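Under this note's numbering, the first residue of the sequence shown is numbered 26, with each subsequent residue one higher.
Every residue gets a Cβ at the ideal spot worked out from N, C-alpha and C, and that includes glycine.
Since we're looking at a predicted model, the values are computed, not measured.
These notes concern the structure reproduced below.
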Amino acid sequence: MNAPLVPIDKSGHVEHGFSSYSRYAACPGSIRECRKAPPERPSPYAEEGTDAHECGEIGLRQGIDAIELIDRKVGGSIVDEDMAAAVQVYLDFCRSQIEDGDIVFVELPVDLAPLNPPVPLRSRLDFARYRPSTQSLLVTDYKHGQLVVEVHGNGQLRGYALGACVELDKLGHVVSEVQIAIVQPRAYHEDGPIRFEVISAFELFEWSVDLFDVINRTLEPDAPLVAGEHCRFCRAKPVCPEMERMALATAEAQFTDTTITVPPAPSSMAPARIGQVLNAAEIIEGWLKSVREHAHASLEQGVEIPGWKLVPKRAQRKWADDDLASDALLTAGLPILDIYTRKIITPAAADKLLGKNKDVVKHLVVAESSGTTLAPAGDKRQAVAGGAAADFTSLE
Numbered sequence: 026m027n028a029p030l031v032p033i034d035k036s037g038h039v040e041h042g043f044s045s046y047s048r049y050a051a052c053p054g055s056i057r058e059c060r061k062a063p064p065e066r067p068s069p070y071a072e073e074g075t076d077a078h079e080c081g082e083i084g085l086r087q088g089i090d091a092i093e094l095i096d097r098k099v100g101g102s103i104v105d106e107d108m109a110a111a112v113q114v115y116l117d118f119c120r121s122q123i124e125d126g127d128i129v130f131v132e133l134p135v136d137l138a139p140l141n142p143p144v145p146l147r148s149r150l151d152f153a154r155y156r157p158s159t160q161s162l163l164v165t166d167y168k169h170g171q172l173v174v175e176v177h178g179n180g181q182l183r184g185y186a187l188g189a190c191v192e193l194d195k196l197g198h199v200v201s202e203v204q205i206a207i208v209q210p211r212a213y214h215e216d217g218p219i220r221f222e223v224i225s226a227f228e229l230f231e232w233s234v235d236l237f238d239v240i241n242r243t244l245e246p247d248a249p250l251v252a253g254e255h256c257r258f259c260r261a262k263p264v265c266p267e268m269e270r271m272a273l274a275t276a277e278a279q280f281t282d283t284t285i286t287v288p289p290a291p292s293s294m295a296p297a298r299i300g301q302v303l304n305a306a307e308i309i310e311g312w313l314k315s316v317r318e319h320a321h322a323s324l325e326q327g328v329e330i331p332g333w334k335l336v337p338k339r340a341q342r343k344w345a346d347d348d349l350a351s352d353a354l355l356t357a358g359l360p361i362l363d364i365y366t367r368k369i370i371t372p373a374a375a376d377k378l379l380g381k382n383k384d385v386v387k388h389l390v391v392a393e394s395s396g397t398t399l400a401p402a403g404d405k406r407q408a409v410a411g412g413a414a415a416d417f418t419s420l421e
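Following this line, the structure appears as structure tokens:
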């Protein structure tokens with residue numbers, strides 16, 4: 026593989042970032058409300074996703090497999106076999122798409138300034154490959170999360186593709202066809218972990234008109250607030266008046282009998298009623314969670330919340346220094362086999378040690394589900410029939 030890896034510099038995100046497109050397209054007023062929101066603390070899941078992206082970048086730039094990063098610290102994470110296995114799907118796909126003569130971009134900053142957008146529009150894409158012989162562009166986005174992301178009509182990826190076209194134009198290249206791919210190994214989808222949309226460059230630039238129209242709507246002083254699924258990752262959620270109104274209205278609609286002081290036992294509720302409560306809980310719980318997080322952050326900053334305070338978390342006992350503890354236990358007469366635990370290495374660690382010979386133990390590996398989980402009827406995973414939930418073991 027002799028495709029050139031174009032060197033780039035990293036840049037920051039902006040208010041109308043492509044990753045937020047689905048939110049502000051559905052709720053134009055969210056841009057305004059986010060300006061009022063307190064600084065957001067990244068969730069552990071977001072931080073893990075950022076670290077997984079860095080693993081992918083390291084793998085592509087250094088030409089190594091993700092398994093070689095196991096037990097290494099990348100970002101704030103110690104890479105484990107689960108992260109390595111997911112990132113490897115991304116690495117394998119990207120590498121399979123490269124031929125001699127291709128132009129390859131890894132973590133490419135993109136900027137739509139040459140298209141004269143209403144506001145600054147720049148971001149950074151994960152992976153792109155341009156093939157001069159066919160004038161085809163592939164833009165790939167890695168998703169480490171388990172919430173399914175659809176590829177068709179995905180504004181985030183179309184924004185990245187527009188930016189890649191702009192960068193290629195600067196280099197004197199013409200794009201005719203655009204392939205957009207999402208690689209999402211940790212979320213079940215009926216179309217598999219790698220999903221595509223193929224559009225012409227003409228269609229993509231036609232879509233840019235819609236993009237600019239969406240942005241212009243967010244700039245209106247009275248841009249409307251619209252609550253919905255897109256609120257899940259909106260940092261304005263704890264202070265958004267529409268989210269509060271919707272949560273309270275949902276609760277009021279579901280619990281209209283104000284004489285009830287104790288909620289009914291779930292076993293006494295009809296299945297239809299249980300479904301209604303679960304639907305309401307999705308909205309109410311999400312809002313309450315964001316309010317709790319906002320209250321915690323406010324208290325940490327010295328803001329008083331009437332009736333609430335910060336207290337220490339439960340302390341967990343651990344050795345202050347493992348080596349000193351080991352010496353002390355041995356000195357106390359404990360056998361070395363008693364003070365250390367040993368267990369067999371994981372299949373991923375074995376693959377790392379065996380290298381090309383890893384297939385010799387493949388028949389000994391099973392993939393076991395830990396059980397079942399509750400999901401809405403619209404979830405794309407296959408339903409498990411009642412009474413059949415106990416057996417989830419399958420050969421890898």
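- Inter-residue CB distance, N304 and P143 (contact presumed, cutoff 8 Å): Stepping through the sequence shown from its first residue, residue 304 is reached at position 279. Stepping through the sequence shown from its first residue, residue 143 is reached at position 118. Taking C-beta atoms under 8 Å as the contact rule, N304 and P143 fail to qualify, at a distance of about 37 Å.
- Query: Between P134 and R149, which are expected to be in contact by the criterion C-beta below 8 Å, what is the C-beta distance as a whole number of angstroms?
  - Reply: The count along the sequence shown starts at 1 and reaches residue 134 at position 109. The count along the sequence shown starts at 1 and reaches residue 149 at position 124. 5 Å between Cβ atoms; contact.
- Message: When you measure from the CB of F118 to every non-hydrogen atom of the ligand MN, does any distance come out below 7 Å?
- Response: Among the ligands in the structure shown, none appear at all, so the ligand MN cannot be discussed.
- Query: With C-beta atoms as the reference, is V239 less than 8 Å away from A50?
  - Reply: Residue numbering aside, residue 239 sits at position 214 when the sequence shown is read from its first letter. Residue numbering aside, residue 50 sits at position 25 when the sequence shown is read from its first letter. In contact: V239 and A50 (Cβ atoms closer than 8 Å).
- Task: Please determine, among V409, H388, A295, L389, the residue with the shortest C-alpha to C-alpha distance to T8.
- Result: Lying before the first or after the last residue shown, residue 8 is absent from the chain, which here runs from 26 to 421.
- Message: Measuring straight from C-alpha to C-alpha, what distance separates W344 and P145?
- Response: As a working note, residue 344 is residue 319 in the sequence shown. As a working note, residue 145 is residue 120 in the sequence shown. Their Cα atoms are separated by approximately 51 Å.
- Message: Please classify W333 as buried or exposed, where buried requires at least 16 neighbouring CB atoms within 10 angstroms.
- Response: Your numbering for residue 333 matches position 308 in the sequence shown. The residue is exposed, with fewer than 16 neighbouring Cβ atoms inside 10 Å.
- Query: Less than 8 Å separating the beta-carbons of Q113 and A91?
  - Reply: Residue 113 sits at position 88 when you count from the first residue of the sequence shown. Residue 91 sits at position 66 when you count from the first residue of the sequence shown. Taking 8 Å as the cut-off, the beta carbon of Q113 is found closer than this to the beta carbon of A91.
- Task: Determine the burial state of V385: buried for a count of at least 16 other Cβ atoms within 10 Å of its Cβ, exposed for fewer.
- Result: In the sequence shown, the residue the question calls residue 385 occupies position 360. V385 is classed as exposed because its beta carbon has fewer than 16 other beta carbons within 10 Å across all chains shown.
- In terms of DSSP beta bridges, what is Y155 paired with? Within the sequence shown, numbered from 1, the residue matching residue 155 stands at position 130. Per DSSP, I128, L162.
- Query: Could one say the Cβ of I369 lies closer than 8 Å to chain B's Cβ atoms, at least one of them?
  - Reply: Here there is only one protein chain, and chain B is not present.
- Item | Which of helix, strand or coil DSSP assigns to L30 | Residue 30 sits at position 5 when you count from the first residue of the sequence shown. The pLDDT assigned to L30 is 45, lower than 50, so where the model puts this residue is not dependable; a value taken from the coordinates is nonetheless given after this. DSSP, reduced to helix, strand and coil, places L30 within a strand of the structure shown.
- Task: Name the residue from I56, L196, E40 whose alpha carbon lies nearest to the alpha carbon of E245.
- Result: By 1-based counting over the sequence shown, the position of residue 245 is 220. Taking E245 as reference, the option from I56, L196, E40 with the minimal CA-CA separation is I56.
- Counting pairs of beta carbons, one from the region 164–171 and one from the region 52–67, are three or more of them closer than 8 Å? At 8 Å Cβ cutoff, the stretches do not touch.
- Item | Where S102 sits in the DSSP three-state scheme | Within the sequence shown, residue 102 is the residue found at index 77, counting from 1. S102 falls in the strand class under three-state DSSP.
- Task: Would you kindly report the start and end of the unbroken beta strand (DSSP E) that includes V391?
- Result: Position 366 of the sequence shown, counted from the start, is the residue given in the question as residue 391. Per DSSP, V391 is one residue of the beta strand (DSSP E) stretching across 391–393.
- Query: Mapping DSSP to helix, strand and coil, what is L146?
  - Reply: Here residue 146 is taken as the residue at index 121 of the sequence shown, counted from 1. Coil at L146, not helix or strand.
- Task: Would you tell me roughly how many angstroms separate the C-alpha atoms of I219 and H321, rounded to the nearest one?
- Result: Mapped onto the sequence shown, residue 219 falls at position 194. Mapped onto the sequence shown, residue 321 falls at position 296. Taking the straight line from one Cα to the other gives about 38 Å.
- Bridge partners - L222, DSSP secondary structure assignment: Stepping through the sequence shown from its first residue, residue 222 is reached at position 197. According to the sequence displayed, residue 222 carries Glu and not Leu. For E222, which the question treats as bridged, DSSP gives the partners I205.
- Message: Can you tell me where the alpha helix (DSSP H) holding W312 begins and where it ends?
- Response: Residue 312 sits at position 287 when you count from the first residue of the sequence shown. Where W312 is concerned, the enclosing alpha helix (DSSP H) stretches over 296–325.
- Could you check the C-alpha separation between W154 and E82 for me, to the nearest Å? One-based indexing of the sequence shown puts residue 154 at position 129. One-based indexing of the sequence shown puts residue 82 at position 57. Looking at the sequence provided, one finds Arg at residue 154 rather than Trp. Spanning the alpha carbons of R154 and E82 requires a straight line of approximately 14 Å.
- Query: Would you call the region 174–185 and the region 197–217 in contact, with 3 or more CB pairs under 8 Å?
  - Reply: Yes: the two stretches touch, three or more of their Cβ pairs being nearer than 8 Å.
- Message: Measuring only the C-alpha atoms, how far is S323 from A261?
- Response: Position 298 of the sequence shown holds residue 323. Position 236 of the sequence shown holds residue 261. Within the model, the alpha-carbon separation for S323 versus A261 is close to 14 Å.
- Task: Could you check what DSSP says for V336 in three-state terms: helix, strand or coil?
- Result: If you number the sequence shown from 1, residue 336 lands on position 311. Coil, per DSSP.
- Message: According to DSSP, D504 sits in a beta bridge with which residue or residues?
- Response: No answer is possible for residue 504: it lies beyond the span of the chain, which begins at 26 and ends at 421.
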